[in-house]
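**Q** Going by the numbering used here, the first residue of the sequence shown is number 6, and it counts up by one from there.
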Amino acid sequence: MNMDEYQALNEGRYFLSYSRQYILKASSYLPELLLNSIKTKNKEECIEEWNCCNAAGACLNIMSQASPREIIYSVISFIDKNISHNGLQINIESITLAFIAIFDGIGSKVLYSYVKKMLVYWLLYMEKTSSDLYDILSLTVGKISHSFPCMIRHFIDRIIQTLLINLTNKQITYNPCWCLNEILQPFGREGIVDWCFEAIASVVLKKILFRAYNNKITNELFEIISSLIINSSIRNEAYIYVVLPYLLSNLNMSFSSNEYTKLLDTRETQSYLCRIIGCAIQKYGKKINPIFMEKIIDTLSQITFDLDNTSDYFLEEEVLACIGAVIQANKIKSLFKIKKWIDFLIKCIEHTENNEINSLAIGVMGDLCRTIKKEIKPFVEKIIDVMVSKLKKNSTDKKIKPAIITCIGDIALTHEFSSKYFNIIVESFKKIIISQQLFYLEKDNESLEINLKIKEAVLEGITGAIQGFQDCSDYLIKKNLFEKLKWISDYIYDTICKDRLFIIVKTSIGLIGDLSLSSYQIKQVFQKECWIFQLLNESKNNTEDKIKIIGIWAFDSIYN
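Written out as structure tokens, the structure reads:
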């Protein structure tokens, strides 16, 4: 073993990685050199994307992780020395950048006492300084709020006031918006910012509706509104009900107005407007006026028609999420609108290669079939064909197959159809089990996770199909049930032997009980299986109430 490897072993690190000993030796002069580089850069006002200041900050960041005590001492001494020069913007910017470098490196807990002291200085400078320095200071406050929100609780009123004043300016930058967003996320749900809810919403909505903002901060502005809606209390409901029609009108205008459609960021704005409306529906659901909800449904139906000729994944994703929120909140009775939505969902499932869009569309389709029974009955067999076809394709990503199986199970649970489709569903599940055994032999974490999700989805899918066919009037289904599901006993045994996870055990016990009630032949087979008797006896004495209750029920289904 050479000396480098021996030194690495003593320091508890991998060979060829950075050495704490080297940093300790350099800590007497290197931090001062790096901090002077930061200070020099600010004097020269260098505007290059990668410059000496950025390099010095990155170096300090890594050094603070390897040798925090020595680096913190040097940086804090530098900050204390320079903060005494009141009124110099260069000094304030330098010490702020130096602090950010070590804060990102070692976090807020080590710097707890010093951060609280520095917050007082930063707030004073935020209330007095120019826009350039304000941008850096708001970045620092945002980072503290993100990592350690309780630290700014006593200063939150002053921070929000300064941020709101900044938002009223014509030229607003990214960091203040991001800082406000970081504050709203932890404190919004506690009601601490209720006193300024309308002020924040009014300022941001004015920027959005009159498009008085820079395209780079679009995401943050819309995230602020979404966060306000999600965390709003009963005191803010009236304001949201007043604002929603303006947002819906703006969304309609974005598709119909020629002036609007010519703008470069129109699609992005449409996506965010759909997100805000979707957040409001998720939050308030049936409280929203039915007439206004019909207008939202009409708008979404028109958007799905307009999206047939585009491939904007970002907009499609937000429209799908909004449709899902509407479905969960209301029962749609218009056959024409349901057909439009189903055509749009099928298009997203069949012709879109984006996995997130596919997964979201499949989930929305399952919700639609589960919540709307009578109106969707004419389309059920077509939907099953699409889902089974997608499941069988080799090109289908294995990550979305659990969602497809779950959707098929939801449809089978809530809708009755012929023995032909029962056989198709069972055969598709059987094939996915065989392919699962062939293609998931890898032992990496991702493959194991997908494997578990598919097992869980197959068990739930078969459970849904069996529960749906218990009251089925088709004689052929009941007659051939045992022949079609001979393999299920071996599959449940193999699954439980390999994975004793809570959800898999619970679903397997429930499926055993459902199968016993559905077919006398299957019940006779289960009565002879020793492992089933042992499993159900164990579940009856399980400490988990859910498994205990379902175990007692399954035991009675088979042996009583």
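For each residue, glycine too, the CB sits at the ideal point set by N, CA and C.
The structure presented is a predicted model; accordingly, all values stated were derived computationally and were not measured.
At what residues does the alpha helix (DSSP H) containing Trp569 begin and finish?
**A** Only positions 6 to 565 of the chain appear in this structure, which leaves residue 569 out of reach.
**Q** Do Cys182 and Glu225 have their C-beta atoms within less than 7 Å of each other?
**A** Position 177 of the sequence shown, counted from the start, is the residue given in the question as residue 182. Position 220 of the sequence shown, counted from the start, is the residue given in the question as residue 225. Result yes, Cβ atoms of Cys182 and Glu225 sit closer than 7 Å.
**Q** Helix, strand or coil for Arg272, going by three-state DSSP, please let me know.
**A** Within the sequence shown, residue 272 is the residue found at index 267, counting from 1. Looking at Arg272 - three-state DSSP - the assignment turns out to be helix.
**Q** Go through its chain and collect everything with a Cβ distance to Gln275's Cβ below 6 Å, but skip five positions before and after it.
**A** As a working note, residue 275 is residue 270 in the sequence shown. Here the set comprises Ser259 and Leu320.
**Q** Taking C-alpha atoms, which residue in Cys327, Asn335 and Ala334 lies nearest to Leu350?
**A** By one-based count along the sequence shown, residue 350 stands at place 345. When only C-alpha atoms are compared, the closest one is Cys327.
**Q** Provide the residue span of the alpha helix (DSSP H) that contains Pro295, from first to last.
**A** One-based indexing of the sequence shown puts residue 295 at position 290. Counting along the chain, the alpha helix (DSSP H) containing Pro295 begins and ends at Pro295 to Asp311.
**Q** Going straight from the alpha carbon of Lys148 to that of Pro154, what length do you get?
**A** Within the sequence shown, numbered from 1, the residue matching residue 148 stands at position 143. Within the sequence shown, numbered from 1, the residue matching residue 154 stands at position 149. Roughly 9 Å between the two C-alpha positions.
**Q** So what does DSSP say about His356, is it helix, strand or coil?
**A** By one-based count along the sequence shown, residue 356 stands at place 351. Of the three classes helix, strand and coil, the one that applies to His356 here is helix, per DSSP.
**Q** For the alpha helix (DSSP H) that Leu516 lies in, which residues bound it at each end?
**A** Indexing the sequence shown from 1 puts residue 516 at position 511. Residues Phe507 to Ser523.
**Q** Using only the alpha-carbon positions, how far apart do Tyr564 and Gln532 sit?
**A** As a position in the sequence shown, residue 564 is number 559, starting the count at 1. As a position in the sequence shown, residue 532 is number 527, starting the count at 1. C-alpha separation (whole angstroms): 7 Å.
**Q** Let me know the secondary structure DSSP gives Leu138 once reduced to three states.
**A** In the sequence shown, the residue the question calls residue 138 occupies position 133. Note: Leu138 maps to helix in three-state DSSP.
**Q** Please state the DSSP three-state secondary structure of His420.
**A** The count along the sequence shown starts at 1 and reaches residue 420 at position 415. Looking at His420 - three-state DSSP - the assignment turns out to be coil, as it is neither helix nor strand.
**Q** Please state whether the Cβ-Cβ distance between Val331 and Ile286 is less than 7 Å.
**A** Counting from one through the sequence shown, the residue named residue 331 turns up at place 326. Counting from one through the sequence shown, the residue named residue 286 turns up at place 281. Yes, these two residues count as a Cβ contact at 7 Å.
**Q** Under the three-state reduction of DSSP, which class applies to Tyr78: helix, strand or coil?
**A** Counting from one through the sequence shown, the residue named residue 78 turns up at place 73. Correct three-state label for Tyr78: helix.
**Q** Let's see if you can read the secondary structure: which residues bound the alpha helix (DSSP H) around Glu225?
**A** Walking along the sequence shown from the start, residue 225 turns up at place 220. That run of the alpha helix (DSSP H) goes Thr223 to Ile235.
**Q** Between which two residues does the alpha helix (DSSP H) holding Gly556 run?
**A** For the purposes of this step, residue 556 is identified with residue 551 of the sequence shown, where counting begins at 1. Here the alpha helix (DSSP H) through Gly556 covers Asp550 to Tyr564.
**Q** Around the C-beta of Thr101, are 16 or more other C-beta atoms found within 10 angstroms, so that it is buried, or is it exposed?
**A** Against the sequence shown, residue 101 aligns to sequence position 96. Flag for Thr101 reads buried.
**Q** Could you have a look at Glu49 and say whether DSSP puts it in helix, strand or coil?
**A** Here residue 49 refers to the residue found at position 44 when the sequence shown is read from its first residue. Legend: pLDDT at Glu49 = 46, less than 50; position of this residue unreliable, value from coordinates given subsequently. The answer is helix: DSSP assigns Glu49 an H, G or I state.
**Q** Just checking my contact of Val463 with Phe487 at CB under 8 Å: how many whole Å lie between their CB atoms?
**A** Position 458 of the sequence shown, counting from 1, holds the residue named residue 463. Position 482 of the sequence shown, counting from 1, holds the residue named residue 487. Between Phe487 and Val463 the Cβ distance is about 19 Å, and since that is not below 8 Å, they are no contact.
**Q** Among the residues of its own chain, which have a CB less than 7 Å from the CB of Val510, if the five just before and after it don't count?
**A** Taking the sequence shown and counting its residues from 1, one reaches residue 510 at position 505. If we look at Val510 and ignore the five residues flanking it on each side, its Cβ neighbours are Ile501 and Ile552.
**Q** Is the distance from the Cβ of Ala417 to the Cβ of Gly368 below 7 Å?
**A** Counting from one through the sequence shown, the residue named residue 417 turns up at place 412. Counting from one through the sequence shown, the residue named residue 368 turns up at place 363. Taking 7 Å as the Cβ cut-off, Ala417 and Gly368 do not qualify as a contacting pair.
**Q** To which residues of the same chain is Gly371 closer than 6 Å at the C-beta, ignoring the five residues directly before and after it?
**A** Residue mapping note: residue 371 aligns to position 366 of the sequence shown, counting from 1. Counting only Cβ-Cβ distances below 6 Å, and skipping sequence neighbours, we find Cys412 and Asp415.
**Q** Cβ of Ile141 within 7 Å of Cβ of Glu98?
**A** Translated into positions along the sequence shown, residue 141 becomes position 136. Translated into positions along the sequence shown, residue 98 becomes position 93. Going by C-beta atoms, Ile141 is nearer than 7 Å to Glu98.
**Q** Kindly indicate which three-state DSSP category Asn456 falls into: helix, strand or coil?
**A** Within the sequence shown, residue 456 is the residue found at index 451, counting from 1. Looking at Asn456 - three-state DSSP - the assignment turns out to be helix.
**Q** If we ignore side chains and look at the alpha-carbon of each, how far apart do Arg238 and Asp199 end up?
**A** Walking along the sequence shown from the start, residue 238 turns up at place 233. Walking along the sequence shown from the start, residue 199 turns up at place 194. Checking the sequence shown, residue 238 turns out to be Ser, not Arg. Rounded to whole angstroms, Ser238 to Asp199 spans 8 Å at the Cα level.
**Q** How many angstroms separate the CA atom of Ser143 from the CA atom of Thr304?
**A** Position 138 of the sequence shown, counting from 1, holds the residue named residue 143. Position 299 of the sequence shown, counting from 1, holds the residue named residue 304. Between Ser143 and Thr304, the C-alpha separation is close to 38 Å.
**Q** Does the segment 336-346 come close enough to the segment 284-298 to have 3 or more Cβ pairs within less than 8 Å?
**A** With a cut-off of 8 Å, the segment 284-298 and the segment 336-346 do not count as touching, because too few Cβ pairs lie within range.
**Q** The ligand SAH and Ser237: does any heavy atom of the ligand fall closer than 6 Å to the residue's C-beta?
**A** No copy of the ligand SAH occurs in the structure displayed, which carries no ligand at all.
**Q** Reducing DSSP to helix, strand and coil, say where Lys566 ends up.
**A** As displayed, the chain neither begins before 6 nor continues past 565, which places residue 566 out of reach and without an answer.
**Q** Among residues of its own chain, excluding the 5 on either side of Tyr277, which ones have a beta-carbon nearer than 6 Å to its beta-carbon?
**A** To locate residue 277, count along the sequence shown from 1; it is residue 272. Once the five neighbours on either side are set aside, the close Cβ partners of Tyr277 are Phe227.
**Q** Taking the Cβ atom as the reference point for each residue, do Ile409 and Lys395 lie within a distance shorter than 7 Å?
**A** As a first step, residue 409 must be located in the sequence shown, where it is residue number 404. As a first step, residue 395 must be located in the sequence shown, where it is residue number 390. It is a contact, given that the beta carbons lie within the stated cut-off.
**Q** Determine the direct distance from the alpha carbon of Ile455 to that of Glu534, and round the result to whole angstroms.
**A** Here residue 534 refers to the residue found at position 529 of the sequence shown. Here residue 455 refers to the residue found at position 450 of the sequence shown. Rounded to whole angstroms, Glu534 to Ile455 spans 29 Å at the Cα level.
**Q** Anyone know if the C-beta pair for Gly473 and Ile514 falls short of 7 Å?
**A** If you number the sequence shown from 1, residue 473 lands on position 468. If you number the sequence shown from 1, residue 514 lands on position 509. Result no, Cβ atoms of Gly473 and Ile514 do not sit closer than 7 Å.
**Q** State the start and end residues of the unbroken alpha helix (DSSP H) segment that holds Pro383.
**A** Along the sequence shown, one-based indexing puts residue 383 at 378. Where Pro383 is concerned, there is no enclosing alpha helix (DSSP H), given that its DSSP letter is neither H nor E.
**Q** Tell me the residue span of the alpha helix (DSSP H) that contains Ile332.
**A** Position 327 of the sequence shown, counted from the first residue, corresponds to residue 332. Per DSSP, Ile332 belongs to the alpha helix (DSSP H) from Tyr318 to Ala334.
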